[in-house]
Amino acid sequence: GCNKTNISTDRTHLIADTAKKPRQRYVQKDGKCNVHHGNVQETYRYLSDLFTTLVDLRWRLSFFIFTLVYVLNWLFFGFLWWLIALVRGDLLHADEEGWTPCVENLNSFVSAFLFSIETETTIGYGYRVITEKCPEGIILLLVQAILGSIVNAMMVGCMFVKISQPKNRAETLMFSHKAVISVRDNKLCLMFRVGDLRSSHIVEASIRAKLIRSEQTKEGEFIPLNQTDINIGFDTGDDRLFLVSPLIISHEINEKSPFWEMSQAQMEKEEFEIVVILEGMVEATGMTCQARSSYLDSEVLWGYRFTPVLSLEKGFYEVDYNNFHDIYETNTPSCSAKELAASPREGPLLPQLCVLSPEPKTQVQGHLARSGQGKGETNNGSADLPEENPQPQQRQTHGYLLSTQNKAVVTGSHHAVLAYPTSCSAGLGSVSYPTFV
1 GCNKTNISTD RTHLIADTAK KPRQRYVQKD GKCNVHHGNV QETYRYLSDL
51 FTTLVDLRWR LSFFIFTLVY VLNWLFFGFL WWLIALVRGD LLHADEEGWT
101 PCVENLNSFV SAFLFSIETE TTIGYGYRVI TEKCPEGIIL LLVQAILGSI
151 VNAMMVGCMF VKISQPKNRA ETLMFSHKAV ISVRDNKLCL MFRVGDLRSS
201 HIVEASIRAK LIRSEQTKEG EFIPLNQTDI NIGFDTGDDR LFLVSPLIIS
251 HEINEKSPFW EMSQAQMEKE EFEIVVILEG MVEATGMTCQ ARSSYLDSEV
301 LWGYRFTPVL SLEKGFYEVD YNNFHDIYET NTPSCSAKEL AASPREGPLL
351 PQLCVLSPEP KTQVQGHLAR SGQGKGETNN GSADLPEENP QPQQRQTHGY
401 LLSTQNKAVV TGSHHAVLAY PTSCSAGLGS VSYPTFV
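By full-length UniProt numbering, the letter at position 371 of the sequence shown is numbered 371, and the numbering carries on one by one without gaps.
So, in structure tokens, the structure goes:
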């Protein structure tokens, strides 16, 4: 049979989950891949794509190489200028009248080094200048000007690309700390929430997910960290997002899902990791941005839903990011999606919604329906409730009034009544789901 998971105030199982021995992640919560490439023999391959290698370096190494390349370049050409002066005898006859040196006022290696810097950076102090009676100096001047431009283009280009990389843009893309599993439209669904803190939007945003777990084939081959696609709307286009406000991404657990035969008890024994990848173009620069996160098996909570964060204000929608990671417990079958699909149903799995008042900010008197009465009174009127449960049991959960016996529910600043069937398939019974109206 398919048993229900009752709502309980006991949170010891959450403490037990967090007390589990931490497992090695494949992808960190901040998106960094926890993989180290060791014993790489063919390191010359990094030099074949030198530009990408320089861009991928850490900032401290980038600054060090940036400075080192320029200093070595100036020293190299400074040495060549000093060598020309030495071969021509300019260093020995510098003080003689009538002697025309290759470079005026170049009488030591230090002065040659300074002349190299002035030439390549086009400072042009005017104290040291090349003369027209030095053809080898003219040729060296042309070579240094050309090579200096190449060095400038490469190093400045590397720094520009490194600065303009959209990695920092991903810092304002948020993923919920937990993923949850609950019933949606009569089907078990795996859900997590994503959001964007910036007012500038991600263009052509899309999301995908991978299940990472070790598997063994029928032939006995062990495959560590095998990757399996998790369908989050590729066929229907739901994977393409309009990320203006936080969205709940849902994966329907059906026959093609890797969680199809996994019940709550089995999931607690499994070891897996769900990697989620959000991609899109930065609106300001047009560069592709990618944000990643992951959920371990201990971070996937069965029987929970996300607290709504969107509310309607005067002329705009307000997003409350204080509740972005908040979840609340809900009655959910503990059996697998396969068993749930095979179980007989006497009626709809979810309650039907009956709107009492479309106007916002209506509340049940005293925020709680009076015990022993069969109706819940609002400031705009009253609504009859079934008399079969004269003493309803109610509690406040994450800002939502839940009624576990009568059929009333108050959601924030909106009032609605849910009419439930007398018997709910899969043993759900009377379930109160907070719902926006």
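In this text, a Cβ means the ideal position worked out from N, Cα and C, and glycines have one as well.
query = Taking residue 185 as the reference, which of 26, 311, 332 and 93 has the closest Cα?
reply = By one-based count along the sequence shown, residue 185 stands at place 185. The residue with the shortest Cα to Cα distance from residue 185 is 332.
inquiry  = Measuring alpha carbon to alpha carbon, tell me which residue in 322, 336, 66 and 54 is nearest residue 260.
reply    = The residue you call residue 260 lines up with position 260 of the sequence shown. Among 322, 336, 66 and 54, the Cα nearest to that of residue 260 is on 336.
key: Straight-line Cα distance separating residue 84 from residue 470   = Residue 470 falls outside the range modelled here, since the chain spans only 1 to 437, and no answer is possible.
ask   = Within 10 angstroms of its Cβ, does residue 38 collect 16 or more other Cβ (buried), or is it exposed?
value = As a working note, residue 38 is residue 38 in the sequence shown. Exposed, because fewer than 16 other Cβ atoms sit within 10 Å of the Cβ of residue 38.
key: N-terminal and C-terminal residue of the beta strand (DSSP E) that residue 204 is part of   = Mapped onto the sequence shown, residue 204 falls at position 204. That run of the beta strand (DSSP E) goes 202-216.
ask   = According to DSSP, which residues form a beta bridge with residue 226?
value = For the purposes of this step, residue 226 is taken as residue 226 along the sequence shown, with counting starting at 1. For residue 226, which the question treats as bridged, DSSP gives the partners 213.
ask   = Just how far apart, CA to CA, sit residue 59 and residue 198?
value = What you label residue 59 is simply residue 59 of the sequence shown in a count that begins at 1. What you label residue 198 is simply residue 198 of the sequence shown in a count that begins at 1. Rounded to the nearest angstrom, the two C-alpha atoms are 25 Å apart.
key: Contacts around residue 69, its chain only, beta-carbon distance under 8 Å, and the 5 residues preceding and following it disregarded   = What you label residue 69 is simply residue 69 of the sequence shown in a count that begins at 1. A distance below 8 Å between beta-carbons, with the five flanking residues on each side excluded, links residue 69 to the following residues of its chain, in chain order: 151 and 155.
query = Nearest to residue 88 by alpha carbon, out of 339, 107, 75 and 286?
reply = Start at 1 with the first residue of the sequence shown, and residue 88 comes out as number 88. Nearest C-alpha to residue 88: 107.
ask   = residue 162 to residue 223, Cα distance in whole Å?
value = Translated into positions along the sequence shown, residue 162 becomes position 162. Translated into positions along the sequence shown, residue 223 becomes position 223. About 36 Å.
request  = Determine, using beta-carbon pairs with one atom in the segment 249-265 and one in the segment 187-203, whether at least three such pairs fall under 8 Å.
outcome  = Cβ pair count under 8 Å is three or more, so yes.
task = Between the Cα of residue 338 and those of 255, 63, 297 and 298, spot the shortest distance and give me the residue it belongs to.
result = Translated into positions along the sequence shown, residue 338 becomes position 338. Closest by alpha carbon: 255.
ask   = What three-state label does DSSP hand residue 302 in the structure shown?
value = Locating residue 302 in the sequence shown gives position 302, where the first residue counts as 1. In the three-state scheme derived from DSSP, where H, G and I count as helix and E and B as strand, residue 302 is classed as strand.
Contact under 7 Å by Cβ, residue 319 with residue 245 = Position 319 of the sequence shown holds residue 319. Position 245 of the sequence shown holds residue 245. Taking a C-beta distance under 7 Å as the contact criterion, residue 319 and residue 245 qualify as a contact pair.
query = Under a three-way DSSP split, which group does residue 134 fall into?
reply = Within the sequence shown, the letter at position 134 stands for residue 134. In the three-state reduction of the DSSP assignment, residue 134 falls in the coil class, being assigned neither a helical nor a strand state.
Helix, strand or coil at residue 49 [DSSP, three-state] = Position 49 of the sequence shown, counted from the start, is the residue given in the question as residue 49. Collapsing the DSSP output to three states places residue 49 in coil.
ask   = How close, in whole Å, do the beta carbons of residue 286 and residue 205 come, if the pair is a contact with beta carbons under 8 Å?
value = Counted from its first residue, the sequence shown places residue 286 at position 286. Counted from its first residue, the sequence shown places residue 205 at position 205. Residue 205 and residue 286 do not touch by the CB rule: their CB atoms are close to 14 Å apart, not below 8 Å.
message = I need the straight-line Cα distance from residue 328 to residue 301, nearest angstrom please.
response = Residue 328 sits at position 328 when you count from the first residue of the sequence shown. Residue 301 sits at position 301 when you count from the first residue of the sequence shown. Distance between the alpha carbons of residue 328 and residue 301: 10 Å.
inquiry  = With the cut-off set at 7 Å, would you say residue 438 and residue 325 are in Cβ contact?
reply    = Residue numbering for the chain in the displayed model covers 1 to 437; residue 438 lies beyond these limits and cannot be assessed.
ask   = Could you give the residue range of the alpha helix (DSSP H) that holds residue 70?
value = On the sequence shown, position 70 is the one that residue 70 refers to. Note, residue 70: alpha helix (DSSP H), 59-88.
ask   = By how many angstroms is the C-alpha of residue 228 removed from the C-alpha of residue 258?
value = Position 258 of the sequence shown holds residue 258. Position 228 of the sequence shown holds residue 228. Residue 258 and residue 228: Cα-Cα distance of roughly 8 Å.
message = Cutting at 8 Å between CB atoms, please list the residues of its own chain near residue 131, excluding the five before and the five after it.
response = For the purposes of this step, residue 131 is taken as residue 131 along the sequence shown, with counting starting at 1. Closer than 8 Å at the Cβ level, and outside the excluded window around residue 131, lie 100, 101, 102, 103, 104 and 137.
key: Beta-carbon gap between residue 80 and residue 141 smaller than 7 Å   = Numbered from its first residue, the sequence shown carries residue 80 at position 80. Numbered from its first residue, the sequence shown carries residue 141 at position 141. Against a cut-off of 7 Å, the Cβ pair of residue 141 and residue 80 comes out as no contact.
request  = Kindly indicate which three-state DSSP category residue 42 falls into: helix, strand or coil?
outcome  = Here the question's residue 42 lines up with position 42 in the sequence shown. Coil at residue 42, not helix or strand.
key: Cross-strand partners of residue 187 (DSSP beta bridge)   = For the purposes of this step, residue 187 is identified with residue 187 of the sequence shown, where counting begins at 1. By DSSP's assignment, residue 187 forms a beta bridge with 184.
ask   = Of the residues 274, 98, 31 and 93, which one's Cα is nearest the Cα of residue 214?
value = On the sequence shown, residue 214 is found 214 positions in, with the first residue counted as 1. Comparing alpha-carbon positions, the option among 274, 98, 31 and 93 lying closest to residue 214 turns out to be 274.
ask   = Should residue 291 and residue 170 be called a contact, given that it needs their Cβ atoms to be closer than 7 Å?
value = Taking the sequence shown and counting its residues from 1, one reaches residue 291 at position 291. Taking the sequence shown and counting its residues from 1, one reaches residue 170 at position 170. With contacts defined by Cβ atoms closer than 7 Å, residue 291 and residue 170 form a contacting pair.
task = Grab the span of the alpha helix (DSSP H) containing residue 170 for me, first residue to last.
result = If you number the sequence shown from 1, residue 170 lands on position 170. Looking at the DSSP string, residue 170 is not in any alpha helix (DSSP H), and its letter there is neither H nor E.
Reference residue 35; option with closest CA among 24, 44 and 41 = Here residue 35 refers to the residue found at position 35 when the sequence shown is read from its first residue. Considering only alpha carbons, the answer is 24.
query = Measuring CB to CB, does residue 173 end up less than 7 Å from residue 196?
reply = The residue you call residue 173 lines up with position 173 of the sequence shown. The residue you call residue 196 lines up with position 196 of the sequence shown. In this structure, the beta-carbon distance from residue 173 to residue 196 falls below 7 Å.
request  = Pull up the distance between the alpha-carbon of residue 271 and that of residue 203, whole angstroms please.
outcome  = Stepping through the sequence shown from its first residue, residue 271 is reached at position 271. Stepping through the sequence shown from its first residue, residue 203 is reached at position 203. Spanning the alpha carbons of residue 271 and residue 203 requires a straight line of approximately 35 Å.
inquiry  = Quick check on the burial criterion: 16 or more other C-beta atoms within 10 angstroms. Buried or exposed for residue 111?
reply    = Stepping through the sequence shown from its first residue, residue 111 is reached at position 111. Residue 111 counts as buried, since no fewer than 16 other beta carbons sit within 10 angstroms of its beta carbon.
ask   = Helix, strand or coil: how does DSSP classify residue 157 here?
value = Reading the sequence shown from its first residue, position 157 is the one you call residue 157. Looking at residue 157 - three-state DSSP - the assignment turns out to be helix.
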